[in-house]
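Notes follow the structure.
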Amino acid sequence: MKHIIPATFSVLLLWLPLSAQNLTIPHVVDGGGWQSTIVLTNTTPNPASATLVFHKETTGGNTQPWTPSFKEVVSTSGLSLAGGSSLFLHTAGTDSTLSQGWGELNADSGVIGYVVFTIRVPGHQDQDGTAPIGASTNRLLVPYDDSNGFVTGIAVVNPTSSAQTIQVGFRTTTGGVAMAALPSVPAGGHMSFVLSQQFPVIQGHEGLAEFTSTTGTFSMIALRVNPTSSFTAAPVYFQSGAPLIAPDPSTPPYDPGNPYPPYYMSHTGSGGGQ
20 MKHIIPATFS VLLLWLPLSA QNLTIPHVVD GGGWQSTIVL TNTTPNPASA TLVFHKETTG
80 GNTQPWTPSF KEVVSTSGLS LAGGSSLFLH TAGTDSTLSQ GWGELNADSG VIGYVVFTIR
140 VPGHQDQDGT APIGASTNRL LVPYDDSNGF VTGIAVVNPT SSAQTIQVGF RTTTGGVAMA
200 ALPSVPAGGH MSFVLSQQFP VIQGHEGLAE FTSTTGTFSM IALRVNPTSS FTAAPVYFQS
260 GAPLIAPDPS TPPYDPGNPY PPYYMSHTGS GGGQ
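Per our numbering, the sequence shown starts with residue 20, numbered consecutively.
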């Protein structure tokens, strides 16, 4: 009997249903020389199921349903992953026009993943960047570099059912502090931009950007691009709690009713940013 009980318990564990999870793929690109590779891994010993749903960016941050073609599968619904296995899915990447947006991973617990962005330009080596597939949050930290010809590219996703205004705080390495906000990100929306083009106040600086929302959660990726247009993934730190970056109390109050495009810069360090 003492041998039967553990064996029976092990069999029962294999048949227990896995709890579902909903994760965000913050950026997906295809066409115009770009290709995305989505890699899913089942970290459990049990079979698992996963479904991918995509949203294509249109105008003003809005999105519409999107079914990009993948080389390995006809449908991204009900994908099967054996225990302890990985699945690689490559978009076709053959369209001359760029499409971009974001995706959802609805999967059994224990399924994790990441996405690889590949750009192919004739006469040049292929370039890759990566981003993890993960949960959304209400506060993110992104170190940025806009000095010496470098820029930081951002893609942000609002996976919720309501529009959000995402506040942004900047602290430069020389002590300058700026506060601003993104335009309202629609429900299910996706925006991509160069950080210093969206917020010219940080042009020529290095520092830390903090993105916060008081009305919902969001997700993001960052890419660091050098003067030759080569790029690599930049870190995005998922946080919780109160914001870290705040203006100097002597600075005129920021007007949340008119957050874009005005911003202000105060100086909290000895260096004095611009």
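Ideal Cβ positions, reconstructed from N, Cα and C, are used throughout, including at glycine.
With distances taken from CA atoms, which of the options is nearest residue i?
| i | options | result |
| --- | --- | --- |
| residue 233 | 265, 184, 205 and 194 | 184 |
| residue 78 | 202, 257, 229 and 258 | 202 |
| residue 91 | 99, 84 and 64 | 99 |
| residue 191 | 164, 230 and 248 | 164 |
| residue 95 | 114, 200, 57 and 82 | 57 |
| residue 131 | 254, 263, 44 and 227 | 44 |
| residue 254 | 229, 246, 248 and 235 | 229 |
| residue 39 | 70, 176, 76 and 93 | 70 |
| residue 119 | 76, 134, 137 and 238 | 76 |
| residue 117 | 46, 168 and 179 | 46 |
| residue 245 | 73, 114 and 166 | 166 |
With which residues is residue i paired in a DSSP beta bridge?
| i | result |
| --- | --- |
| residue 158 | 231 and 258 |
| residue 173 | 212 and 241 |
| residue 223 | Answer is none; residue 223 lacks a bridge partner. |
| residue 74 | 84 and 121 |
| residue 191 | 226 |
| residue 57 | 108 and 134 |
So, under 8 Å CB-CB, residue i and residue j are touching, yes? Tell me the CB distance rounded to an integer number of Å.
| i | j | result |
| --- | --- | --- |
| residue 154 | residue 67 | That pair is no contact at about 17 Å. |
| residue 263 | residue 250 | In fact, because the Cβ distance is near 27 Å, the residues do not count as touching under 8 Å. |
| residue 122 | residue 61 | Rounded, the Cβ-Cβ distance is 18 Å, inconsistent with contact. |
| residue 221 | residue 174 | The Cβ separation is near 18 Å, so there is no contact. |
| residue 176 | residue 237 | 6 Å |
Checking contacts by CB at 9 Å: is residue i closer than that to chain D?
| i | result |
| --- | --- |
| residue 54 | The structure shown contains no chain D, having only a single protein chain. |
Exercise for review: Pair every Cβ in the region 148-158 with every Cβ in the region 211-223, then say whether three or more of these pairs are closer than 8 Å.
Suggested key: No: fewer than three Cβ pairs fall under 8 Å.
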